[in-house]
Structures are given as structure tokens and as C-alpha cells.
Amino acid sequence: MQILPGVDGQTLAALITAFAGLVTTVMAVTKYLSRRDKQIAARNVFRTVVDSLSSEAEVQRLGAAILLRRFFDPETELGQGRTPYAREAIDVIAAILRDVETGNFQKLLADGLRYAPSLQQADLQRTNLQKAYLGSKGNDRPNLRGADFYRADLSGASLKGALAAAAVFYQARLHKTILKNADLRRANFFEADLLGASFAGAYLYGANFTEARNLPPGLSKHIGSDGTYTDEGRFEPAVEPTAPDRLRIFLSKPGTLSVTQRQLVDELGTLLAQEDVDISTVEREDYPGFGAVSEVRRVMTGCSGAVILGFRELEIRDAVWRLGTEEARDLEGIALPTAWNHVEAGMAAMAGLPILVLAEQGVVGGLFELEDVEHIVMNLDL
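Position 36, counted from 1, in the sequence shown is what numbering that gives the first Met the number 0 calls 35; the numbers after and before it change by one each time, with no gaps.
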């Protein structure tokens, strides 16, 4: 079994050596100290560990991530006195997970949360918890009651058997997340993406699934008109999926709009609403510090089509195309759209969605120059 995928034997050996050295130093320092001095020593060690988490050396970061777990254990020299630094350790882990890419360091930190005495009411908003294990171990069920996972990425994570009543999963990504046998009563799944999530055997009474996407088969029949789950028993998944009540269209647009551009967006929204079609988009302030493409995927999932608004973002008055090649030529009076138009259009195409491209006059490049029968390009004179 490979504990840290991607870490070679030499790096792993260095990690073990560094970790052993840290632990030996801690035990040597605290062994003969008074209770008060031990608390002071634990505080100093905590600061040292936190500093190591930002080290440029990966081995040191990984070792510090492991050592943080000792602050969760009351039986260790760093957890004595009712784990005085447990809450601070949780906050440090959460802060780092808000801006760290998926990988060995991220997974060590995320898995480390499972060792915390309690995660009740923990602030885990916008954290990268991909593939984390926060589930039960034997009869030990983690306390996640009221924990806040607002816009967190729990893709591939496991909360199996967790006590997560009233937990908040508002706009969270729960792709293939395991929630089997968890207590999720009164939890909030507003606009969460539940693609492939498993709720088998979970208690869901009173949970809010308003505007949740990709509901697992059999879930919607237990949801009332107010979006609340009504069955008090364990959830038993069905086989056949259910279709959404209203169509949704993904809208790709720049983060900042001129007055005229804003008017066009508003008019488009009004026209679609009259046809019982909702608009889904990712606003600038909604892009997370990590996993921006995953957030687009979350919002786009379940949409029936995409509208790409190619507004003038970058005005080019004088430039040279492909300088130093046989295709070199002068350019003037053209404009480029936001790069996210191309990214989001590509994702929509890969999802097999029909695409309508509306381009402001003068916008060129990539998507806006294709003559593809699978999508329609129209020029707008604003």
C-alpha cells in the first residue's frame, strides 16, 4: 500500500527521519518539565510546527503536517491538559487548505482533521478536502455537527458514518463523496453538486436540498416543495435518475461589464426566464483560491446548454501576428475576450452541451473564428 502517492523511497526515508527527529526533540524537551513549563514548551513547539508548514522544503512541510496531529491527542506530550492547541491546529489546517493544490501535503493536512477531538461547528469554508477521510473508525464516529463546509471541495472524500447533523454543505462539491450511514439530519445542501455522491443508509430527515444538483437516484421523491427531506428513516438509493424541473443554461461572461454589456446580460436573463429557463454562472467573487475549473464544472453540471458572451476585454490598436514566421502580419483595431470564454466553452463542448456564441463586433480569436455547425456564432453591435 502506498501511503503517499508520488513520493519516492528516498524522499519518504527523509520524511521519516525528519519526523522522528522532531518527535525526539519534543519528547526530550518536555520530559522533565513542570506542567506550566510543559504548556509553554507546547506553545513554542506549536509555533515551530506552524512555521515549518510554510517551509520551501517539502519534507519539512510533510513532517510538520504529521506532527500537528499530536496536538489532538491528550495522551501525547503536546496534547496534555485537554489538548489546549487542538482548536488552533484545526484553524491552521483549514487556513492552509483554503489555498493549497491537491497533493500529498494537502491530503496529509486534510486527513489530519480526522484526529481532532471534535470538528463540531468547525469553520471549513472553501477548504480543499479532496479525497480526505473524515469517516468513522470502528465505533469511533467523528463529530462534524454544525461544521461549515461552505463551498468546500469534498470530491472523493469519505464522511462514512460521521455525525454531521446540521452541517453546512452550501454550494459544496461532493463529487463521488461517500456519505454512507452518516447522520445528516438538518444538514444544508443548498446548491451543492452531488454528482456520484453516496447517501446509502444515511439519516437525512430535515436536510435542505434546495437547488442541489445531480441528486442521487431516489432522493428527490423524499424532498418536499420547500426543498426539505421528509423521510425519517435511512435513505435507500433507487436505480433510475430523475429529470430536473426547469432547464438551466450556463452563461460565460467577463467579471466586469460596461453599462451596455450589463443591460444585455439582464435582457438575456429576462428572455430566458420567460421561457422557464434559469441562468447559472460563476461570478468573479465566486472563483475559489484553488480548483477554479472544478467550480465551473460544479456550476455547469446539470445545465442543458451554454451561452458564451464574447465582450471586448482587451483592445488591440497595433500589434503583429506571429512575428518571425511566414504568417506574420500587422493587426489593428481588434479586441480579445476574457480567456474564460474559451475555457468554459471548451468544458461545455466536452460535456456535449449545445453552445450559442454571442460576440461583440471586433472580437476575434479561437472560439470566435470557428465555422462549426455544432454551435452558432452571432455578432453583436454594442
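Beta carbons: idealized from backbone N, C-alpha and C, even for Gly. Quick caveat, the model's predicted, so the values are computed rather than measured.
Inter-residue spacing [alpha-carbon to alpha-carbon] between residue i and residue j
i      : j      : result
MET0   : LEU173 : Because the pLDDT at MET0 is just 40, under 50, the model does not fix this residue reliably, and the value given afterwards should be weighed accordingly. In a straight line, the C-alpha of MET0 is about 26 Å away from that of LEU173.
TRP320 : PHE289 : 33 Å
CYS302 : GLU190 : 13 Å
ALA334 : GLN170 : 34 Å
LEU355 : GLY111 : 46 Å
VAL306 : SER219 : 28 Å
ALA164 : PHE188 : 12 Å
LEU203 : GLN273 : 34 Å
TYR84  : GLU282 : 37 Å
GLY145 : ASN43  : 31 Å
LEU263 : ALA350 : 26 Å
Per DSSP, the bridge partner or partners of residue i
i      : result
SER197 : ILE177
VAL319 : ASP329
VAL167 : ASP147 and ASN187
ASP182 : LEU162 and TYR202
TYR228 : ILE222
TYR132 : SER157
GLY386 : As displayed, the chain neither begins before 0 nor continues past 381, which places residue 386 out of reach and without an answer.
ALA334 : GLU314 and VAL362
Enclosing alpha helix (DSSP H) for residue i [first to last residue]
i      : result
VAL298 : 291 to 299
LEU355 : Unbroken run through LEU355 is the beta strand (DSSP E), 354 to 359; no alpha helix (DSSP H).
ASP90  : 85 to 96
GLY268 : 258 to 273
VAL342 : 338 to 349
PHE71  : It is not in any alpha helix (DSSP H) - PHE71 carries neither H nor E in the DSSP assignment.
GLY102 : Careful: GLY102 lies outside any alpha helix (DSSP H) and carries neither H nor E.
Nonlocal neighbours in the same chain, by C-beta distance under 7 Å from residue i, ignoring five residues either side
i      : result
THR300 : ASP192, LEU194, ARG212 and ASN213
ILE95  : LEU52 and LEU108
LEU61  : LEU14, ASN103, PHE104 and LEU107
Residue interval of the beta strand (DSSP E) (run including residue i)
i      : result
ILE65  : Note, ILE65: premise wrong, no beta strand (DSSP E); alpha helix (DSSP H) at 57 to 66.
ASP277 : 276 to 279
Same chain, Cβ closer than 6 Å to residue i, neighbours up to 5 away in sequence not counted
i      : result
THR402 : As shown, the chain starts at 0 and ends at 381. That puts residue 402 outside it, with no answer to give.
SER33  : Because the pLDDT at SER33 is just 49, under 50, the model does not fix this residue reliably, and the value given afterwards should be weighed accordingly. Closer than 6 Å at Cβ, skipping near neighbours: no residue.
Cut-off 8 Å between Cβ atoms - residues of its own chain near residue i, not counting five sequence neighbours on either side
i      : result
LEU330 : ILE315, ASP317, ALA318, VAL319 and TRP320
ARG247 : VAL276, ASP277, ILE278, SER279, GLY301, CYS302 and SER303
VAL99  : GLN105, LEU108, ASN127 and PHE289
heavy atom of the ligand MG below 6 Å from residue i C-beta
i      : result
LEU214 : Absence of the ligand MG is noted for the structure shown, with no ligands found whatsoever.
* To do: Report yes or no: do the region 126 to 140 and the region 155 to 163 share at least 3 C-beta pairs separated by less than 8 Å?
  => yes
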